[in-house]
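Residue numbers (the working numbering), protein chains in the order written: chain A, 1 to 386; chain B, 1001 to 1386.
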DNA sequence: ACAGTTACCGCAAACGATTCCGATAGGTTT
DNA sequence: AAACCTATCGGAATCGTTTGCGGTAACTGT
């Protein structure tokens, strides 16, 4: 029998079952339960990062004082402050951001959701976001939706669970319902859309010159003498696709060229689509003499095919597209593009979001900041001037 | 005068200075100080996410019980457990990851440091890391060193401050001292190197077939009849550059080709270097008939220049390089590469790290996992067979 | 000398979740 | 029926920081 933990006596002690593997006792007299500690086994002390309490003990002050000193608060004696700072340095104190975040209710982290990090455009955006964020003292957590609605929803949940201070999002090609965003928007979470924005939600947005870019590219083709211009448009659900499509239509209209449904193909970001669309067009009774692909990669892929067939670019078919990639410049023939600036998109979006986070209450929404693009005319569309 | 907060009497109350803007009083009798609360001004209640305590109150149980139910612990009545789960669902409870992390001492987050997210290789690696990490329930924080040593150090500090559970790193081209890593390694932080690894540190590493790739590419050039092979090597500080360089040297040696210092140029990832190196080589008394660039982009840039000069590829000069980019395939002429698999590198590194995190104690280091590459012979080096 | 004031600091309660213990109530054994 | 057990739950400490508020000593002016 063991000694009671209270009266240190064994007289009235009786066994009282097992608890988590240990024998349990009960002292009738003291009305107390207890288990016996297995001797030893208590040495495992973790390495332990220095905390504010360590500093406090070290100097014989209260943790609150240390906190005040470290955070440069008022009510503190400059002398003690210096002393604390010194010890903090000596003990290599690093504040525990988790504890800070928990206490302050903000994580100084922003979440980013993009369809795919491997797309150079988004990588560029990310770089811009990172740059702006880290300058403002914010960390960045990145999620990829992989172009699926479901994953996007999971991403949002994961980021909100991580208690990010704000959200930057470019929707997946599938996304047509926005409840998962609305939910958190209504709770007051700052959210900024970029590139693949949506109009149904009342968020600040960063877009590009999608309409103008399309319009300029198509008009350029027309000026080069193209009469039948095909368009490889983006997924229909995306607003950005529709806007670009409208630019195409508008340019045709302005120049009195009839719109032909046969010349429209809505891509879905699948690899084989380029050759499918191209073949369809080339087999038409009167095939196009100009092709506008919303995504530069499609133009390149098509040009590869067209070159194989010994069709002359740009004389027989001219190509233009949106893009920001080196390949457009280096490919032979070089591709005329409406050049995009993903880095700027990222910077703009991030700064908008951070503004929003900091001035949460009285944030006057600034909708639709537009990052300008640039029409770069190259060999794929530039026909010899007569 | 105001009523004492204790005796609720005004008799012995006297003013006692100002405290944070409010008038302060002192009750002699009760020996008590107090300030008067400005009426109102107390309504600002935050929206408040449901917590474990809300659930507990809702059911009249203790928070600890709720925690046990939610975490599927033993010692809990299935009935209460169901009840708790139900309420949790109804109240849309989401655990506060911050609080969990603080308590458990782990964040379920891994930090990644890469030189530049815009380099497609690293974007690919990131995608692999993300995939593996999110499957294992880990979040990912990404930092860019921008190829500078100083930023890399700051990155490490930032990530450690965020209390990441482990670190994945590919060093900047400048990094030649590794104290900033060693420091945390010694504290027991799991760290895995990938791609740009370093040998001075006792960490698991994920590398590629750098030696073999170089060797194969150069040997291929030799088999195609090249006698003088130039190399555009990487920054000298990087181990990966040195390894690749050694592969080059070894291939030359095997085939009895003399090593010529004139044919070596160490790149530093600066844009103009391609033309500088190329010009230098072309102006040599006996210029190279084969060029091996460690980075495919340099090969492409050089080929652009070479094409302008009407020098024939591959007949007069053949090109090969490391790479994983579409442009290598689409460029004219298509580039022979030792194809890399960044996504796999990322996956491997992440799984190694997560293994390391989970089995922290008894982790048997598995050094140098190698992700295999693939020699893809294309037009830039394939001379007409006689 | 004393009310009134200031400067500085400590205490303790948050933040949200986990977990070690001990406390019950109701069984089972002898 | 006493002795022992099990299942289940509550209390309180803990993680590391921040912060509201009260306490104390010393200082100011009259």
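Quick reminder that beta carbons are idealized off the backbone N, C-alpha and C, glycines included.
- In this model, residue 87 of chain A and residue 57 of chain A are separated by some 11 Å (Cα to Cα).
- The beta carbons of residue 107 of chain A and residue 164 of chain A sit about 6 Å from each other, so the pair counts as a contact at 8 Å.
- Under DSSP, the beta-bridge partners assigned to residue 1339 of chain B are B:1323 and B:1374.
- When Cβ-Cβ separations below 8 Å define contact, residue 378 of chain A makes no contact with chain B.
- The three-state reading of DSSP puts residue 167 of chain A in strand, counting E and B together.
- The C-beta of residue 1120 of chain B comes closer than 8 Å to at least one C-beta of chain A.
- Every unbroken stretch of the beta strand (DSSP E) spanning 3 or more residues and falling wholly within the stretch 108-187 of chain A is given here in chain order: 109-114, 139-144 and 166-169.
- With fewer than 16 other Cβ atoms from the protein chains shown falling within 10 Å of its own Cβ, residue 1053 of chain B counts as exposed.
- The three-state reading of DSSP puts residue 265 of chain A in strand, counting E and B together.
- Counting only the Cα atoms, residue 125 of chain A lies some 23 Å from residue 184 of chain A.
- Using beta-carbon distances, residue 1304 of chain B counts as an interface residue toward chain A, with a partner under 8 Å.
- At the C-beta level, residue 319 of chain A and residue 338 of chain A stay beyond 8 Å of one another.
- Residue 1358 of chain B carries a helical assignment under DSSP once its states are collapsed to helix, strand and coil.
- DSSP lists no beta-bridge partner residue for residue 1226 of chain B.
- Annotated three-state conformation of residue 25 of chain A is strand, per DSSP.
- Along the stretch 1124-1142 of chain B, going in chain order, the ones with a CB nearer than 9 Å to a CB of chain A are 1124, 1126, 1127, 1130, 1131, 1134, 1139, 1140, 1141 and 1142.
- Counting along the chain, the unbroken alpha helix (DSSP H) around residue 1297 of chain B starts and ends at 1296-1308.
- Under the three-state reduction of DSSP, residue 192 of chain A is assigned to strand.
- DSSP lists B:1266 as the bridge partner or partners of residue 1233 of chain B.
- Per DSSP, residue 344 of chain A has no beta bridge partner at all.
- Annotated three-state conformation of residue 1056 of chain B is helix, per DSSP.
- According to the DSSP secondary-structure assignment, residue 1033 of chain B is paired through a beta bridge with B:1026.
- Contact note: residue 332 of chain A reaches chain B through 1332, using a C-beta cutoff of 7 Å and chain order.
- Within 7 Å of the CB of residue 1300 of chain B, the CB atoms of chain A belong to 330, in sequence order along the chain.
- Using a 10 angstroms sphere on the CB of residue 1018 of chain B, the tally of other CB atoms stays under 16, which defines it as exposed.
- Scanning its chain for C-beta atoms nearer than 7 Å, with the 5 sequence neighbours on each side dropped, one finds around residue 1050 of chain B the residues 1091, 1092 and 1093, in chain order.
- Contact note: residue 1062 of chain B does not reach chain A at a C-beta cutoff of 8 Å; the least C-beta distance is about 18 Å.
- Using beta-carbon distances, residue 163 of chain A counts as an interface residue toward chain B, with a partner under 8 Å.
- Our two residues, residue 1082 of chain B and residue 1076 of chain B, have alpha carbons roughly 10 Å apart in a direct line.
- Residue range 290-293 is occupied by the beta strand (DSSP E) that includes residue 290 of chain A, with no alpha helix (DSSP H) assigned at that position.
- For residue 88 of chain A, the enclosing alpha helix (DSSP H) begins and ends at 78-90.
- When Cβ pairs closer than 8 Å are counted between the two stretches, the stretch 290-304 of chain A is seen not to touch the stretch 1261-1274 of chain B, the count staying below three.
- In the DSSP assignment, residue 1018 of chain B forms a beta bridge with B:1023.
- Under the Cβ criterion of 8 Å, residue 1102 of chain B is counted among the residues facing chain A.
- Burial state of residue 1104 of chain B is exposed, judged by a 10 Å Cβ sphere holding fewer than 16 other Cβ atoms.
- If the five residues before and after residue 302 of chain A are omitted, its C-beta is found closer than 6 Å to the C-beta atoms of 274 and 278, all from its own chain and listed in chain order.
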